[in-house]
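Below is one structure, written out as structure tokens; comments come after it.
In the numbering used here, the protein residues as written are 4 to 48.
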């Protein structure tokens, strides 16, 4: 699974499995809210 997205910042915010480029939980990545995740990823880019 690590090789699915070599650049984790490009992984969809609703991907239900890790690893993630941020510190949000797997549950939040699966169910939301997604706006805080998008904001955090925008800061990483």
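Cβ atoms here follow ideal geometry from the backbone N, Cα and C, with glycine treated the same way.
Just so we're clear, the structure is a prediction, and the values are computed from it rather than from any experiment.
{"Query": "Pick out whichever of 41, 39 and 29 has its Cα sitting closest to the Cα of residue 19.", "Result": "29"}
{"Query": "Answer yes or no: do residue 44 and residue 12 have a C-beta to C-beta separation smaller than 9 Å?", "Result": "yes"}
{"Query": "Taking the CB atoms as reference points, tell me whether residue 23 and residue 33 lie closer together than 9 Å.", "Result": "no"}
{"Query": "Starting from the Cα of residue 17, find the closest Cα among 35, 42 and 48 and give me that residue.", "Result": "35"}
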